[in-house]
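Rendered as structure tokens:
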């Protein structure tokens, strides 16, 4: 077992765990984009950065690829981490504003401004598709090619490889392929839909219409947001 | 030269080899030495060598013609040295094949009109000895200064470059004559491995590749690490544009690196070494490969080195055109047959390196220093330099400076002394504006701060880094916004692209700086630039990304006014940024010669011969060829 | 010697190497040096021989700058854009080379005589600006010298500065 400290609290995890796994085990939320359980950690999106070490020698490190070591001090929500996440997300929104996943993450941070020109790129190079093809589907039909700004996910020689079984795992796992609610209409990179409107179902139908997962909008601004839940519970027990 | 194969199994044999070497280093006949490193060749040294051989053969002259590496005075290449037994060694600079017969005809007298300087002897920092050339024929040549007097050389202390320009890099014997492989002997036969590590630690040597990590501490970490086999790697992927120190050492004295690595292997319990050289250095690859073969034939590499039972083998791996492979984990990935994508650290290569095993990676200069520390001791070495930066550092002093050269100075020498005294200042009446150190990971030190001593801490505090040793002098003709754009362009090109921060962050920074350079920037852009720079430096996966914002941040710190001039006034004070300048022809000074017309890429120069020419702005591509070709200073840049 | 247009592929270039992952880059470098590019057929053979996925081989071939998937021009012109060359007019030399060879941006010229590339530091910074054509290095360049230098290589087999072996 390895003992470390996260946000001031002592935690214990198995040897060989990452800081991200340790945080998740204890229910401490850390946003990620290129992480998926069951696939090897990649460390490309940088969204999972946390502050490790103690001042003045502390630094930001990607929690998914940082080993939990004995005595490590970790802070998941320091001012430095918060600034890093905001700046990263602002750039993600500008890179792929059509992605629901990214818009949701931005809304969850209460982001109101995006200062960059939107690019509408369909790939953020998180590597999930390549990894699922290699590690889960054992095919290796796609990979990265090029370098730097010309780097992209591709099929070798731009031909579908013989080893591709057309399983669709790459599509399934892509965080950008799920389009945002206002996909076509919004002029701005940041849609802020969730932050700016009240979900219609509860007020109109006196009932939540989602039975599995509440809409993100609801989580942020509707009756299912954290501070309103106690009121609902209180109202329900009072009835 | 004729290579005698020696199997060196004892000190006597090593001494015999050294004696042979001495007869070719300091022969009893006239020797003509030509600098045949890459910059010599670029300047035309091959033609000079051919001409020398031709004249010597034709006239049946009993002279020895030999090649050597870089003596360091690059702006004077091709360099040709004449060694006449008993007389000072005379160096001729900027030699052309036409001058060769004249120079040779004058021998044994010198031709001071064509010569640069003389050497009356040379120091050997490895042995602490000084070899005197002159005996009875006097130690002066009329009208020629000695190297010891020249500002370029008198401040230098050539430890790493100890043999460059003195011996023939293809001669193992000459290397032995200069004390080579004696340190290896001492290490294998008189020291325990941990003693060698302690000596290196006590010397205070810090990695010369750029980061300046204490070498002894790295070695100890590799020694303590669990796992086998262990590896030793020489990082010769010198990718910083403007830096060629490692090339100078590999081309001029490859055995010094090999000896250092064998000693390192012994100290760390490693039996295999790899020298990773960038493929853009074919001559360095050839020289070091040949030196390895020589060492193998002499039992200085192999299964039983110097009869001690210690085994060590070295392989050469070539880079394939990726700056990022200078980063240690990317370099390792490249050797392993993968793309050069850095891996997160920790774990550091000392713990998990090549093939997942404990690996010690050090830079060329660091390895070349090891034999000297073993021979002269840590106390001697730590007596040079400053309190926290010991020893010397090799710099490639380039850019707007009179003496572009490969120099080696004690740590603590001020930038001012390097530029003004050693470099001879900025030529053509221009002034120093900034000195750039550390390559794309470094920053620009402005003219006001040139009294800074060259050491790791001072450069870091000023917003730059020591880096691998590239030192570029910039004058008032350089635009700092353009320099920031240049480095961002470079980093964007060379980023491996794996992590978002670096790949997209450098792209976005480049967009902003480009906007500013075109006169389309706003003051909010400066805040945005600082935010992106912070994000990239804090969240990037590897050192390339983490230091990528340094050029931007340091130019913003010291030259904010220049950025503001581009933004507020739409002007480029240094007259570099194309969108903000115009080329015009002064009607008063133009005499209609038409020299500017043929080279104009946009066919923008119009007019009549012998009358007057003008530039049609709409077609001008700002190529600057007209300015270059006009002999009457009639082309103006506004 | 295979020509640029119709390479006759000799597969022993791959087969002579041991099946070690560490040989991947050296094999590709060997193929590149022999054929001046990496033919698809040989890359497929490398993938089979070394038991490495074709995606991985393709990634290597496209990551490293010294490799090319398409036949390149006969003579390789590398203009140095290192920092020292940049401040001494390197970009202007590059523009001039592009104009003289007819390449638009970097790449192979329309007549397949030249391929224009940039390189960041040949290590001759003391004599900037610098450019390399095949194995020959030219220093202290000026725009007016470019045409003459390039003409030495036109319509000749890859030859050196001393082009008398024509």
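Residue numbers (the working numbering), protein chains in the order written: chain W, 1 to 239; chain S, 1001 to 1638; chain Z, 2001 to 2166.
C-beta: ideal position from N, C-alpha, C; glycine also.
Nearest to residue 1048 of chain S by C-alpha distance, out of S:1568, S:1424 and S:1093, is S:1093. Across the region 1142-1168 of chain S, no CB contact with chain W closer than 9 Å is found for any residue.
Think of a sphere of 8 Å around the beta carbon of residue 1344 of chain S: the chain W residues whose beta carbon falls inside it are 43, 61, 62, 65 and 66, in chain order. The residue from W:66, W:17, W:113 and W:34 with its alpha-carbon nearest to that of residue 1500 of chain S is W:34. Chain S places no beta carbon closer than 8 Å to that of residue 128 of chain W, leaving this residue out of the contacts. Within the region 2054-2066 of chain Z, 2059, 2060, 2063, 2064, 2065 and 2066 place their CB atoms closer than 7 Å to a CB of chain S, listed in sequence order. In this structure, residue 2142 of chain Z lies away from residue 1296 of chain S, with their beta-carbon atoms at least 8 Å apart. Here the alpha carbon of residue 135 of chain W sits roughly 7 Å from the alpha carbon of residue 39 of chain W. Look at residue 1550 of chain S here: in three-state DSSP terms it is helix. Assignment of beta-bridge partners to residue 1395 of chain S by DSSP yields S:1407. Across the structure, residue 1262 of chain S and residue 2019 of chain Z are spaced so that their CA atoms are roughly 28 Å apart. Counted as a single uninterrupted DSSP element, the stretch harbouring residue 1299 of chain S is not any beta strand (DSSP E), since DSSP gives it neither H nor E. With a cut-off of 8 Å on Cβ pairs, the region 1232-1250 of chain S is in contact with the region 1310-1326 of chain S, counting three or more such pairs. Membership of residue 1255 of chain S in the alpha helix (DSSP H) is indicated by the continuous run 1254-1268. Within the region 1268-1340 of chain S, the alpha helix (DSSP H) runs of at least 4 residues that lie entirely inside it are, in chain order, 1282-1297 and 1328-1335. Between residue 2153 of chain Z and residue 2075 of chain Z a beta carbon distance of about 5 Å is seen, short of the 8 Å cut, so the two are scored as contacting. In the DSSP assignment, residue 2138 of chain Z falls within the unbroken beta strand (DSSP E) covering 2136-2138. For residue 1418 of chain S, the closest Cβ of chain Z is not nearer than 8 Å. The C-beta distance from residue 1152 of chain S to residue 1403 of chain S rounds to 5 Å, short enough to meet the 8 Å contact threshold. Contact between residue 51 of chain W and residue 75 of chain W holds: CB atoms are separated by about 4 Å, below the 8 Å threshold. Considering only S:1583, S:1185, S:1609 and S:1214, the residue with the shortest C-alpha distance to residue 1623 of chain S is S:1583. At a C-beta separation below 7 Å, residue 2040 of chain Z has these neighbours in chain W: 157. For residue 129 of chain W, the enclosing alpha helix (DSSP H) starts and ends at 128-131. Chain S places no beta carbon closer than 8 Å to that of residue 2034 of chain Z, leaving this residue out of the contacts.
Residues of chain Z with a Cβ closer than 8 Å to the Cβ of residue 1624 of chain S are, in chain order, 2089, 2092 and 2143.
For secondary structure counted as the beta strand (DSSP E) over 3 or more consecutive residues, the region 2032-2114 of chain Z holds these complete runs in sequence order: 2075-2080.
Pairing residue 1287 of chain S with residue 1476 of chain S, the inter-Cα distance amounts to about 39 Å.
Given a length threshold of 3 residues, each whole run of the beta strand (DSSP E) inside the region 1121-1161 of chain S is given here in chain order: 1121-1124 and 1129-1132. Listed along the chain, the chain S residues whose CB falls inside 7 Å of the CB of residue 84 of chain W are 1535, 1538 and 1539. The shortest C-alpha to C-alpha distance from residue 1436 of chain S to any of S:1472, S:1411 and S:1408 is the one to S:1472.
Within chain Z, no C-beta atom comes less than 9 Å from the C-beta of residue 1556 of chain S; the nearest is roughly 18 Å away. About 6 Å separates the Cβ atoms of residue 1452 of chain S and residue 1462 of chain S, confirming a contact at the 8 Å cut-off.
Residue 117 of chain W and residue 1509 of chain S have their alpha carbons spaced roughly 12 Å apart. According to the DSSP assignment, residue 1235 of chain S belongs to the beta strand (DSSP E) that extends over 1230-1236. For residue 91 of chain W, the nearest beta carbon of chain S is closer than 8 Å to its own beta carbon. At a cut-off of 8 Å between beta-carbon atoms, residue 161 of chain W makes contact with chain Z.
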